[in-house]
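In my numbering, the protein residues as written are 9 to 156.
Glycine included, every Cβ here is placed at the ideal spot set by N, Cα and C.
Structure follows, in structure tokens:
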């Protein structure tokens with residue numbers, strides 16, 4: 009299947025020219041579901057790695073794949089469904105953090121800094137499960153609304 013080459017990861021970032029809140033971008037389209045099921049291009053991992061400013065190995069650990077599997081995915085130039093889903097999860101969280109905190113740098117720093125709201129872990133590490141990601145998203149929502 010051929011897809012639009014617009015990176016999925018960048019689709020979760022706030023648009024400067026729009027008053028639309030990021031929550032509107034959280035709506036999952038049938039196209040995104042199909043793309044995740046088929047496996048995203050490996051380039052999506054690279055885009056997310058650059059946004060988060062972490063190593064490929066660290067991102068591999070966050071999305072739950074071994075270095076050997078990461079190398080196989082790199083050679084195949086395609087991620088599996090589980091990794092694709094996790095890439096979208098982290099991209100969504102980065103976009104929400106950017107919206108709430110106002111910049112890529114602030115979002116990056118917040119996601120990588122230990123936080124009492126995530127049991128002393130960096131929110132990025134805490135979000136390695138869907139339940140953890142939901143809690144990070146809730147924490148960002150509370151920050152956005154001034155509820156500590």
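Buried or exposed (CB count within 10 angstroms, at least 16 for buried), residue i
{"i": "residue 32", "result": "Residue placement at residue 32 cannot be trusted, given a pLDDT of 40 that sits under 50; what the coordinates show is reported in the next sentence. Residue 32 comes out exposed."}
{"i": "residue 6", "result": "Absent from the structure is residue 6, since the part of the chain shown begins at 9 and ends at 156."}
{"i": "residue 68", "result": "buried"}
{"i": "residue 92", "result": "buried"}
{"i": "residue 41", "result": "exposed"}
{"i": "residue 94", "result": "buried"}
Beta-carbon spacing of residue i, residue j below 7 Å
{"i": "residue 50", "j": "residue 85", "result": "yes"}
{"i": "residue 118", "j": "residue 132", "result": "no"}
{"i": "residue 21", "j": "residue 103", "result": "yes"}
Where the alpha helix (DSSP H) through residue i begins and ends
{"i": "residue 61", "result": "Per DSSP, residue 61 belongs to no alpha helix (DSSP H) and is neither H nor E."}
{"i": "residue 140", "result": "138-152"}
{"i": "residue 114", "result": "112-120"}
{"i": "residue 98", "result": "89-109"}
{"i": "residue 39", "result": "38-46"}
{"i": "residue 75", "result": "75-84"}
{"i": "residue 132", "result": "131-134"}
Close beta carbons around residue i, own chain, < 6 Å, minus the five adjacent residues each side
{"i": "residue 17", "result": "52, 55, 56 and 99"}
{"i": "residue 29", "result": "At residue 29, the pLDDT of 37 sits below 50, so the modelled position is not reliable and the matter cannot be decided from this model."}
{"i": "residue 97", "result": "141"}
Proximal residues to residue i (C-beta, below 8 Å), its chain only, five neighbours per side dropped
{"i": "residue 78", "result": "64, 65 and 68"}
Contacting residues, own chain, Cβ-Cβ under 7 Å from residue i (five flanking each side not counted)
{"i": "residue 9", "result": "Interpretation of residue 9 is limited by its pLDDT of 40, a score under 50 that renders its predicted location unreliable; no figure is taken from the coordinates."}
{"i": "residue 62", "result": "none"}
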